[in-house]
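K.L.:
Structure below; questions to follow.
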Amino acid sequence: MRNTLPVLTVLGIILVIWYAATVWMNAPFVRDQAARAGTTVTFAELVPLTMVQPRPVVPAPHQVLAEVWKGVAGQAVTSKRSLVYHGLVTLESTLYGFALGILLGVGLAVGIVYFRVMEMGVMPWAIISQTIPIVALAPMIVVLSNAMGIEAREVPKAVISAYLSFFPVLVGMVKGLRSPDAMQLDLMRTWNGSGAQGFWKLRLPASLPYLFASLKVAIAAALVGTIVGELPTGAIEGLGARMLIGSQFGEPLIMWAALVGAAVLAGGLIVVVGVFERGLRRRMGVPG
Amino acid sequence: MIWAVLVVIWGAGWGVNLALSRSAIAGTRVVRIAVPVIFGVTVLAMWEALVRGFAISAVILPPPSMIAEAVAGNLPVLWADFVQTFLKGALSGYVIGCGAGVVVAVLIDRSPYLTRGLLPVGNFVAALPIVGVAPILVMWFGFDWQSKAAVVVVLVFFPVLVNTVAGLASSDRMARDLMATYGAGHWPTMMKLRLPAAMPFIFNGLKIATTLALIGAIVAEYFGSPIVGMGFRISTGVGRLAMDLVWAEIAVAALAGSAFYGVVALVEGWVTFWHPSQRARV
């Protein structure tokens, strides 16, 4: 709460810059129109005209909000114009990809912690995999999954988002599973605990704080993956597809609204992971 | 028969690795490099055997040998794409964006009030799917590399900014007090203590930014580009089913991305040689 005022100040500054940019970038169009009509515009007349253009270079924040409101409240949820509908399509693939990413990340992390050969052989490739620009692979993944007879459009998107989201989980889990110190591991041995018990009762609970810190990064990465997956793959549904449509049909407001929708979705997902984390911590009896 | 070949390849690769990792020389540098290389070669061999064995059409998945041929046969095209996408688009955007991120962080550091406000906002923006601005920026800056550089600038700015702000706060309280006792003002303290102390954090941001830069430059090309560039070649290559060329392009992108990351990590080693994470490696 201590940070509320500073955050609001920064947001205020961003808003002011945005409005200034709106006036500055849209002014040439207004002047052009006026010159064609043979009139001149004063600055006071020009400012309001820059805020109401149907196809602005930079839309004013309130224009974007109006477009978002139109997309959310002005349509039935099932309509193809509804932002909620497209958001849900994106959300679905994001969650599939996120689940797949967690499975892959946790599975590899367990292997890497328990088997030295996996640590030496797989870990470097996991790092290299993240330096490969996944977007280059995106169209290929679509072609491949089509060729394998997978009709569902979510599959390629989920694969891409899993590819982006598994890495933070992997890194966090390796760190987390290794976080119990030698004393604690020895104590488990003194109690004659088996390897499985050591995993379930010590290593796994100890890794949870690390896991959740990574999950917040991973869910954001999964959303980026899904949207990137929608861009070049000719998807017709989803927030990424809305951006593409806005770009191709010269409707900047659609693009901006989809962008705001994606931002809200990202924020919401991170909050949900945070809430889930707090609930789990309370059930495990961690103070705070 | 094919399955037997696959099992033999996998068993051989995995067995060698297992033996190496359990042997007495497991800790040496050669083995550390050899094990992942053997793993990679095993995967490539499996890929080759799978494609040839099941006679999978090259249109769906070309074998690695064919991709290597495509790389060798299309060097001028690949080089032109590399120059357009990587050198012109990604690298110029990377330099501008990272530079701006560090400079803004240093400037805003003068006001603790703004810093406190900027950190949550920056963290949030860094988590957003910013690639979505690609179509908007392509609309603003045209089809050539300038728009790709602009996308990269926007993508890399916030991770670098957030990491630099966090790094500037990381210098030791005692060390700052020492600078104050020396009578050092804001800028000498910044240049001699706080910026060097922030370097591990800044390089963390710079390393994240390397991947983002390539992603940004390639995605921006899907929204419009001149008839050269990696993203352009990939999207048109998929369209006309020239899969070997597409995979060659992907190989180049992967190589460029890894090399870019490697170079930044190397520079990090020179700059932050004093940091425990660098010192520990002998």
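These protein sequence lines map, in sequence, to chains R and U.
Counting in the numbering used here, the final residue of the first sequence is number 289, and the numbers go up one at a time with none missing.
Counting in the numbering used here, the final residue of the second sequence is number 269, and the numbers go up one at a time with none missing.
Glycine included, C-beta positions come from ideal geometry on N, C-alpha and C.
This one's a predicted model, so the numbers in the text were calculated from it and none came from an experiment.
(1) Skipping 5 residues on each side, what residues in its chain have a beta carbon closer than 6 Å to that of M26 of chain R?
(2) Taking only beta-carbon atoms, is E56 of chain U less than 8 Å away from chain R?
(3) Are L270 of chain U and D231 of chain U touching if we call contact CB-CB under 8 Å?
(4) Considering only residues of the same chain and omitting the five flanking positions on each side of V269 of chain U, which have a CB-CB separation below 6 Å?
(5) Using a beta-carbon distance cut-off of less than 8 Å, what residues from the stretch 23 to 41 of chain U approach chain R?
(6) Spell out whether any CB of chain R is found under 8 Å from the CB atom of E236 of chain U.
(7) Are three or more beta carbon pairs between the stretch 156 to 176 of chain R and the stretch 98 to 107 of chain R nearer than 8 Å?
(8) Which whole-angstrom value is the C-beta distance of F188 of chain U and A153 of chain U, which I expect to be below 8 Å?
(9) Would I113 of chain R and V123 of chain R be called neighbours here (beta carbons separated by less than 8 Å)?
(10) Can you grab the Cα-Cα spacing for the pair S212 of chain U / N150 of chain U, in whole Å?
(11) Quick check on R204 of chain R: buried or exposed, where buried means 16 or more other Cβ atoms within 10 Å of its Cβ?
(12) If the cut is a Cβ gap below 9 Å, which residues of chain R does V225 of chain U touch?
(13) Mind checking if I271 of chain R is an interface residue toward chain U, Cβ cutoff 8 Å exclusive?
(14) Are the beta-carbon atoms of L240 of chain R and G262 of chain R separated by less than 8 Å?
(15) At what residues does the alpha helix (DSSP H) containing P49 of chain R begin and finish?
(16) Report yes or no: is there a C-beta of chain R within less than 8 Å of the C-beta of Y209 of chain U?
(17) State yes or no: is the beta carbon of V47 of chain U nearer than 8 Å to at least one beta carbon in chain R?
(18) Hey, how far is the Cα of A222 of chain R from the Cα of A45 of chain R?
(19) Counting only the same chain and skipping the five closest in sequence on each side, list residues whose C-beta sits under 6 Å from that of F190 of chain U.
(20) Would DSSP call A229 of chain U helix, strand or coil?
(21) Using a Cβ-Cβ cut-off of 8 Å (strictly less than) and excluding sequence neighbours within five positions of Y81 of chain U, which residues of its own chain qualify?
(22) Report the neighbours of P169 of chain R on chain U: residues whose CB is nearer than 9 Å to its CB, in chain order.
(23) With three or more beta-carbon pairs closer than 8 Å as the criterion, would you say the stretch 61 to 77 of chain U touches the stretch 110 to 124 of chain U?
(24) Please return the same chain residues whose Cβ sits closer than 7 Å to the Cβ of S157 of chain U, not counting the five positions on each side in sequence.
(25) List in chain order: all unbroken alpha helix (DSSP H) runs of 4+ residues lying wholly within the stretch 192 to 243 of chain U.
(26) Are the C-beta of Y81 of chain U and some C-beta of chain R separated by less than 8 Å?
(27) What residues in the stretch 95 to 111 of chain U bring their beta carbon closer than 7 Å to a beta carbon of chain R?
(28) Using a Cβ-Cβ cut-off of 8 Å, state whether V269 of chain U counts as contacting chain R.
(29) By Cβ distance below 7 Å, which residues in the same chain neighbour L48 of chain U in space, the five residues on each side in sequence not counted?
(30) Would DSSP call Y169 of chain U helix, strand or coil?
(31) What residues of chain U sit near G244 of chain R, judged by a beta carbon separation below 7 Å?
(32) Pull up the distance between the alpha-carbon of G104 of chain U and that of G268 of chain R, whole angstroms please.
(33) Whose Cβ in chain R lies nearer than 7 Å to the Cβ of N150 of chain U?
(34) DSSP on W66 of chain U, reduced to helix/strand/coil?
(35) For E238 of chain R, collect the residues of the same chain with a Cβ closer than 7 Å to its Cβ; drop the 5 residues on either side in sequence, then sort them by chain order.
P.N.:
Once the coordinates are examined:
(1) Mapped onto the first sequence, residue 26 of chain R falls at position 25. The residues V58, V59, in chain order, have a CB closer than 6 Å to that of M26 of chain R in the same chain once the five nearest residues on each side in sequence are set aside.
(2) The sequence position of residue 56 of chain U within the second sequence is 69, counting from 1. Answer no: the Cβ-Cβ gap between E56 of chain U and chain R never drops below 8 Å.
(3) With chain U covering -12 to 269 only, the question about residue 270 of chain U has no answer from this structure.
(4) Taking the second sequence and counting its residues from 1, one reaches residue 269 of chain U at position 282. For V269 of chain U, the predicted model reports a pLDDT of 45, less than 50, meaning its position is unreliable and no value from the coordinates is stated.
(5) Result list: P23, I25, F26, G27.
(6) As a working mapping, residue 236 of chain U is identified with position 249 in the second sequence. Chain R contact via Cβ: present.
(7) Verdict: yes, contact present.
(8) Counting from 1 along the second sequence, the entry for residue 188 of chain U is found at position 201. Counting from 1 along the second sequence, the entry for residue 153 of chain U is found at position 166. Right, the Cβ-Cβ distance comes to about 5 Å (below 8 Å), so this counts as a contact.
(9) If you number the first sequence from 1, residue 113 of chain R lands on position 112. If you number the first sequence from 1, residue 123 of chain R lands on position 122. Taking C-beta atoms as the reference points, I113 of chain R and V123 of chain R count as a pair closer than 8 Å.
(10) Indexing the second sequence from 1 puts residue 212 of chain U at position 225. Indexing the second sequence from 1 puts residue 150 of chain U at position 163. S212 of chain U and N150 of chain U have their alpha carbons spaced roughly 32 Å apart.
(11) As a first step, residue 204 of chain R must be located in the first sequence, where it is residue number 203. Here R204 of chain R is buried. Its C-beta has 16 or more other C-beta atoms within 10 Å.
(12) Translated into the one-based positions of the second sequence, residue 225 of chain U becomes position 238. What V225 of chain U touches in chain R: P140, M141, V143, V144, P233.
(13) As a working note, residue 271 of chain R is residue 270 in the first sequence. Yes - at least one Cβ of chain U is within 8 Å of the one on I271 of chain R.
(14) As a first step, residue 240 of chain R must be located in the first sequence, where it is residue number 239. As a first step, residue 262 of chain R must be located in the first sequence, where it is residue number 261. Contact check for L240 of chain R against G262 of chain R passes: the beta carbons are separated by less than 8 Å.
(15) Along the first sequence, read from residue 1 onward, the residue named residue 49 of chain R stands at position 48. Start and end: 44 to 51.
(16) The residue given as residue 209 of chain U occupies position 222 in the second sequence. Yes - at least one Cβ of chain R is within 8 Å of the one on Y209 of chain U.
(17) What you label residue 47 of chain U is simply residue 60 of the second sequence in a count that begins at 1. Checking the sequence shown, residue 47 of chain U turns out to be Ile, not Val. Closer than 8 Å to some Cβ of chain R, the Cβ of I47 of chain U qualifies, so yes.
(18) Position 221 of the first sequence, counted from the start, is the residue given in the question as residue 222 of chain R. Position 44 of the first sequence, counted from the start, is the residue given in the question as residue 45 of chain R. Looking at the two C-alpha atoms, the distance is approximately 44 Å.
(19) Position 203 of the second sequence holds residue 190 of chain U. Closer than 6 Å at the Cβ level, and outside the excluded window around F190 of chain U, lie E255.
(20) Along the second sequence, one-based indexing puts residue 229 of chain U at 242. Correct three-state label for A229 of chain U: coil.
(21) Here residue 81 of chain U is taken as the residue at index 94 of the second sequence, counted from 1. Counting only Cβ-Cβ distances below 8 Å, and skipping sequence neighbours, we find V139, V143, A196, T197, A200.
(22) Against the first sequence, residue 169 of chain R aligns to sequence position 168. In chain order: nothing, as chain U lies at least about 11 Å away.
(23) Flag = no, the stretch 61 to 77 of chain U and the stretch 110 to 124 of chain U do not touch.
(24) Here residue 157 of chain U refers to the residue found at position 170 of the second sequence. Excluding positions up to five away in sequence, the list reads A184, A185, F188.
(25) Complete alpha helix (DSSP H) runs here, min 4: 217 to 226.
(26) Counting from 1 along the second sequence, the entry for residue 81 of chain U is found at position 94. Taking 8 Å as the threshold, the shortest C-beta distance from Y81 of chain U to chain R does not fall below it.
(27) Those would be Y100, L101, R103, G104, L105, P107, V108, F111, in chain order.
(28) For the purposes of this step, residue 269 of chain U is taken as residue 282 along the second sequence, with counting starting at 1. Because the pLDDT at V269 of chain U is just 45, under 50, the model does not fix this residue reliably, and the value given afterwards should be weighed accordingly. Not closer than 8 Å to any Cβ of chain R, the Cβ of V269 of chain U fails to qualify, so no.
(29) Along the second sequence, one-based indexing puts residue 48 of chain U at 61. So the qualifying residues of the chain are V38.
(30) Locating residue 169 of chain U in the second sequence gives position 182, where the first residue counts as 1. In the structure shown, Y169 of chain U sits in coil (DSSP, three-state: anything other than H, G, I, E or B).
(31) Within the first sequence, numbered from 1, the residue matching residue 244 of chain R stands at position 243. The question names Gly, yet the displayed sequence has Met at residue 244 of chain R. Neighbours of M244 of chain R in chain U, taken as residues whose beta carbon is under 7 Å from its own, are G119, P122 in chain order.
(32) The residue labelled residue 104 of chain U in the question sits at position 117 within the second sequence. The residue labelled residue 268 of chain R in the question sits at position 267 within the first sequence. Taken atom to atom, the span from the alpha-carbon of G104 of chain U to that of G268 of chain R is near 17 Å.
(33) Sequence index remark: in the second sequence, residue 150 of chain U carries index 163 (1-based). Residues of chain R passing the Cβ test: none, with the nearest at roughly 14 Å.
(34) Locating residue 66 of chain U in the second sequence gives position 79, counting from the first residue. The answer is helix: DSSP assigns W66 of chain U an H, G or I state.
(35) Here the question's residue 238 of chain R lines up with position 237 in the first sequence. H87, V90, listed in sequence order.
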